[in-house]
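S.K.: Dropping a structure here in structure tokens format, bear with me for questions.
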Amino acid sequence: RPLIVAGSTGPGEEALLDTACRRAFPAGVQLLCAPRKPERFDEAAAVFPGCARRSTRPDHQAPASPANGRFILDTIGELRKAYALADVIVVGRSFGRLYGSDPMEPAALGKAIVIGPAVDDFQRTVDAMLKAEAIVQCEGGELAGVLADLLADDTRRRTLGVRALRCVHAHQGASRRHADLLVTLLTPPADSHDT
Numbered sequence: 005r006p007l008i009v010a011g012s013t014g015p016g017e018e019a020l021l022d023t024a025c026r027r028a029f030p031a032g033v034q035l036l037c038a039p040r041k042p043e044r045f046d047e048a049a050a051v052f053p054g055c056a057r058r059s060t061r062p063d064h065q066a067p068a069s070p071a072n073g074r075f076i077l078d079t080i081g082e083l084r085k086a087y088a089l090a091d092v093i094v095v096g097r098s099f100g101r102l103y104g105s106d107p108m109e110p111a112a113l114g115k116a117i118v119i120g121p122a123v124d125d126f127q128r129t130v131d132a133m134l135k136a137e138a139i140v141q142c143e144g145g146e147l148a149g150v151l152a153d154l155l156a157d158d159t160r161r162r163t164l165g166v167r168a169l170r171c172v173h174a175h176q177g178a179s180r181r182h183a184d185l186l187v188t189l190l191t192p193p194a195d196s197h198d199t
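Next up, the structure:
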């Protein structure tokens with residue numbers, strides 16, 4: 005079954021994603037949600053009774069696939085691994101009253117990405133990706149249709165992923181450029197003399 009990974013989810017987004025997946029895929033799709041904050045792990049898991057939770061495994065191995073196809077990633081530092089397995093990635097904290105999450109990590113993996121309308125903290129990044137046609141932005145009510153369309157179209161998913169990766173490459177080097185600018189601004193002119 006296809007896998008949708010929702011990273012850095014916020015309050016209410018797990019339920020929104022579950023509803024969207026049930027509407028779009030009556031036969032079932034796997035959904036893995038990774039809440040942004042550890043204190044939300046139990047709250048998120050309560051949305052999916054019977055879901056698999058990585059932290060409940062004594063060996064921290066991947067849990068067996070639950071019958072409901074729902075997973076909660078309730079450990080720290082493993083989201084990138086989950087993103088690598090995804091067919092489609094949904095960027096969390098973008099469908100509620102928060103300010104979004106950074107889509108660059110899934111973009112760097114060349115994945116098809118969906119993001120909601122609340123992206124204030126990452127507006128420039130999202131604008132660049134939208135301009136490059138490297139991300140799909142939608143409202144919560146459109147999520148089921150967007151996910152269904154993407155999972156039905158391998159070519160579109162691959163194209164979005166390639167464009168996302170190109171967008172990452174096109175915007176690399178910002179830290180170096182800023183550091184160079186700071187050095188230039190903080191370095192006294194060569195002809196200055198201490199007097």
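Here the sequence shown is numbered in our numbering, starting from 5 and rising by one per residue.
Beta carbons are placed, not taken as given, at the ideal position from N, Cα and C, and that holds for glycine.
1. Considering only residues of the same chain and omitting the five flanking positions on each side of Leu83, which have a CB-CB separation below 7 Å?
2. Spell out a yes or no on whether the region 42-54 and the region 12-25 are touching, meaning 3 or more CB-CB pairs, one atom from each, closer than 8 Å.
3. Do you know offhand how far Ser98's Cα is from Thr191's?
4. When you compare only the Cα positions, how much space is there between Arg181 and Val95?
5. Relative to the C-alpha of Glu146, which candidate in Ile80, Thr23, Ile8 has its C-alpha closest?
6. Buried or exposed: where does Ser105 fall if 16 or more other Cβ atoms within 10 Å of its Cβ makes it buried?
7. Considering only the alpha carbon of each residue, which of Val51, Ile117, Ala19, Gly100 lies closest to Asp124?
8. Below 8 Å, how does it come out for the region 142-159 and the region 107-114: are there three or more Cβ pairs, yes or no?
9. Contact check, Gly114 vs Gly165 under 8 Å by CB: the rounded distance?
10. Buried or exposed: where does Ala71 fall if 16 or more other Cβ atoms within 10 Å of its Cβ makes it buried?
11. Just list the residues that DSSP pairs Thr13 with in beta bridges.
12. Alpha carbons only, please: which of Arg27, Ala50, Ala28, Gly32 is nearest the one belonging to Glu18?
13. Do the CB positions of Ala86 and Leu36 come within less than 8 Å of each other?
14. Taking the continuous beta strand (DSSP E) assigned at Phe75, which residues delimit it?
15. So Ile93 and Val33 are supposed to be a Cβ contact under 8 Å. How far apart are they, rounded?
16. Report back the beta-carbon spacing between Ala56 and Phe29 to the nearest angstrom; my notes put them in contact at under 8 Å.
17. Would you mind stating whether Val118 and Val140 have Cβ atoms separated by less than 8 Å?
18. For Arg5, name the three-state secondary structure that DSSP assigns.
19. By how many angstroms is the C-alpha of Cys25 removed from the C-alpha of Ala132?
20. Ordered along the chain, which non-local residues of its own chain (more than five positions away) have a Cβ less than 6 Å from that of Phe52?
M.R.: For this structure:
1. Gly11, Ala38, Leu77
2. yes
3. 41 Å
4. 27 Å
5. Thr23
6. buried
7. Gly100
8. no
9. 4 Å
10. exposed
11. Pro39
12. Ala50
13. yes
14. 74-76
15. Contact doesn't hold; Cβ gap of about 14 Å is too wide.
16. Going by Cβ atoms, the distance from Ala56 to Phe29 rounds to 18 Å, so no, they are not a contact pair.
17. yes
18. coil
19. 28 Å
20. Arg74
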